Amino acid sequence: MPLLVMKFGGTSVADLDRIKNAAEKVKREVERGYDVIVIVSAMSGKTNELVGWVEQTSPLYDAREYDAVVASGENVTAGLMALTLQEMDVPARSWQGWQVPIQTTSAHASARFVDIPRGNIDQKFAEGMKVAVVAGFQGVSPEGRITTLGRGGSDTTAVAFAAAFGAERCDIYTDVDGIYTTDPRITAKARKLEKIAFEEMLELASLGAKVLQTRSVELAMRYKVRLRVLSSFEDSDANSGTLVCDEEEIMESKVVSGVAYSRDEAKMTLVSVEDRPGIAAAIFSPLAEAGVNVDMIVQNISEKNYEGHSVAVTDMTFSCPINQVARARKAMEDAKAAGEINFDELVEDTEVAKVSVVGIGMRSHAGVAAKMFDALSVEGINIKVISTSEIKISVLIDRKYMELAVQALHDAFELDTAA
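For the sequence shown, position 65 (counting from the first letter as 1) is numbered 65 according to UniProt numbering, and the numbering increases by one without interruption.
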């Protein structure tokens with residue numbers, strides 16, 4: 001039988017009525033001739049509640065027990081989904097991570113997949129089971145302890161199962177009806193895409209688009225798992241939602257496919273750092289050890305008069321998430337105190353946002369950067385930092401201009417119309 005993986009997020013299984021709605025979608029696929037593996041998240045809000053209970057009970061908690069508690073949310077949903085399907089006369093059973101077993105590393109709260117053996121589930125399909133309802137977000141360590149994969153881990157679970165079982169497709173049901181050219185809350189002109197390449201989706205996910213978890217897209221790209229993002233609150237057919245697929249499946253597309261943004265950014269500058277071999281390593285190694293996720297980096301070299309001598313110095317600017325500023329500041333101050341680096345001052349700007357344009361068409365078309373910078377210039381938006389890749393251009397700007405920048409770029413690249 002052809003196999004389909006269907007994943008339902010927290011809002012799609014938020015209560016018993018929504019679980020029944022999701023189960024009806026699963027039943028339709030069974031009636032179309034599919035065996036189905038359903039991956040479920042915890043009911044909306046439940047994971048946060050469980051995390052809160054753990055933190056109240058034990059602020060310095062044992063990560064192994066944290067996983068045992070937090071994984072229970074998905075277990076509840078899986079059992080309720082299986083019961084609902086059984087009431088619809090669909091042969092179904094629930095599976096917790098250890099029952100499959102989903103084998104992971106021992107990194108509690110951020111585990112990674114090692115293997116998903118097919119034997120147990122394949123045997124039940126052979127015995128007449130039509131739907132395997134699997135608790136997402138979890139697995140089992142080599143030590144036999146429950147592990148969790150980190151937030152958004154159910155998306156990754158779904159893709160991993162689709163890869164392991166050779167599924168025809170992996171359908172991700174969520175509260176939006178597909179991938180848009182930008183956030184529809186910012187511009188009403190945002191257009192739903194029929195298809196988007198893995199690489200474009202990976203860039204959009206990493207740049208702030210929250211429809212799919214970044215790790216799930218990485219996994220889908222590696223194993224060529226065709227993803228479809230669609231709404232659990234609308235009737236769907238073969239053409240619903242947005243298909244995330246290999247570039248070769250997309251006949252023709254615009255040079256730029258989407259505009260992404262991240263408002264929670266900060267810019268930090270080390271002023272007048274000694275310019276010498278190894279200075280970049282001396283700066284960014286302590287940041288890495290402190291767990292600071294550095295994104296954009298700009299280095300400006302100049303000369304400084306020191307005791308009558310001209311000395312080469314550099315201003316090193318980098319961006320990071322705003323909630324990591326204190327960590328970054330401490331790492332730099334500790335490195336200075338230890339004599340590893342020296343700088344005149346550390347300047348922080350926590351009122352910035354990152355805006356990016358993404359598109360595989362950039363590989364073969366010139367002038368994208370010029371058009372982007374011109375569109376921002378027309379709106380009087382100053383660019384603080386620029387970074388580029390083969391299919392992406394990102395700029396750091398004042399946060400107050402973020403929505404204006406997104407709208408201007410969406411218009412400049414005419415993303416409201418199809419290719």
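All C-beta atoms in this analysis are idealised placements derived from N, C-alpha and C, irrespective of residue type, glycine included.
Computed from a prediction, not measured in an experiment: that's the story for all the values here.
- prompt: Hey, quick one: how far does the beta strand (DSSP E) through Tyr-173 stretch, first residue to last?
  reply: 169-174
Reduced DSSP secondary structure (H/G/I, E/B, other) of Pro-286: helix
- prompt: Whose C-beta lies closer than 8 Å to the C-beta of Val-244 among residues of the same chain, with five residues either side of it excluded?
  reply: Ile-179, Lys-195, Ile-196, Ala-197, Phe-198, Met-201, Leu-212, Val-217, Ala-220, Arg-226, Leu-227, Arg-228 and Val-229
field: Coil, strand or helix - Ala-197 by DSSP
entry: strand
query: Which one or two residues does DSSP pair with Arg-93 in a beta bridge?
result: Ala-132
task: Please report the residue range of the beta strand (DSSP E) in which Asp-15 lies.
output: Careful: Asp-15 lies outside any beta strand (DSSP E) and carries neither H nor E.
- request: Kindly identify the DSSP beta-bridge partner or partners of Val-355.
  value: Tyr-261 and Val-395
query: In the DSSP assignment, what are the bridge partners of Leu-270?
result: Listed as beta-bridge partners of Leu-270 by DSSP are Met-316 and Leu-346.
task: Spell out the partners DSSP gives Phe-137 in its beta bridges.
output: Per DSSP, none; premise fails for Phe-137.
- prompt: In whole angstroms, what is the alpha-carbon distance linking Ala-167 and Asp-246?
  reply: 15 Å
message: Whole angstroms are fine: how far does the CA of Gln-56 sit from the CA of Ala-290?
response: 26 Å
- prompt: Which runs of the alpha helix (DSSP H), 4 residues or longer, sit entirely within the region 47-124?
  reply: 63-70 and 72-87
message: Using C-beta distances below 6 Å, list every residue in its chain close to Phe-161, excluding the 5 sequence neighbours before and after it, in chain order.
response: Val-5 and Ile-37
field: N-terminal and C-terminal residue of the beta strand (DSSP E) that Met-402 is part of
entry: Not the beta strand (DSSP E): Met-402 falls in the alpha helix (DSSP H), residues 402-412.
Selected residue, minimal CA-CA separation from Met-88, among Ser-110, Arg-28 and Ser-94: Arg-28
- request: Pull up the DSSP beta-bridge partners for Ser-302, would you.
  value: Val-313
- prompt: Okay, do the region 259-271 and the region 312-322 touch, 3+ Cβ pairs below 8 Å being the bar?
  reply: At 8 Å Cβ cutoff, the stretches touch.
field: Counted within 10 angstroms of its Cβ, other Cβ atoms place Glu-49 as buried (16 or more) or exposed
entry: exposed
Host beta strand (DSSP E) of Leu-230 (start-end): 227-231
message: Between Gly-73 and Ser-44, how many whole angstroms is the CB-CB distance? I'm expecting something under 8 Å.
response: Contact between Gly-73 and Ser-44 is ruled out by a C-beta separation of about 10 Å, above the 8 Å threshold.
field: Pair within 8 Å by beta-carbon distance, His-108 and Ala-63
entry: yes
task: Pull up the distance between the alpha-carbon of Thr-181 and that of Gly-150, whole angstroms please.
output: One C-alpha to the other measures close to 27 Å.
message: Helix, strand or coil, according to DSSP, for Leu-149 in the structure here?
response: Leu-149 falls in the coil class under three-state DSSP.
task: Measure the alpha-carbon distance for Ala-188 versus Ala-412 and round it to whole angstroms.
output: 15 Å
query: Do three or more CB pairs link the region 77-87 to the region 99-118 at distances below 8 Å?
result: With a cut-off of 8 Å, the region 99-118 and the region 77-87 do not count as touching, because too few Cβ pairs lie within range.
- prompt: Considering only C-alpha positions, which residue in the set Thr-417, Ala-405 and Glu-414 is nearest to Ile-186?
  reply: Nearest of Thr-417, Ala-405 and Glu-414 to Ile-186, Cα basis: Ala-405.
- prompt: Counting Cβ pairs, one atom from each stretch, are 3 or more of them under 8 Å apart for the region 286-303 and the region 344-352?
  reply: no
query: Expressed to the nearest angstrom, what Euclidean distance is found between the alpha-carbon atoms of Val-255 and Ala-370?
result: 13 Å
task: Identify whether Leu-243 lies in helix, strand or coil by the three-state DSSP scheme.
output: In this structure, Leu-243 counts as strand in the three-state DSSP scheme.
- prompt: Cα-Cα, which of Val-134, Asp-183, Thr-104 and Phe-125 is closest to Ile-146?
  reply: Thr-104
- request: Please classify Lys-192: does DSSP put it in a helix, a strand, or coil?
  value: strand
task: Use the C-beta contact count for Pro-59: other C-beta atoms within 10 angstroms, 16 or more gives buried, fewer gives exposed.
output: exposed
Of the residues Val-69, Ile-39 and Val-40, the one placed nearest Gly-52, counting alpha carbons only: Measuring from the Cα of Gly-52, the nearest candidate turns out to be Val-69.
- prompt: Would you call the CB atoms of Ile-279 and Thr-314 closer than 8 Å?
  reply: Yes, they are a contact pair.
- prompt: Start and end of the alpha helix (DSSP H) containing Asp-374?
  reply: 368-378
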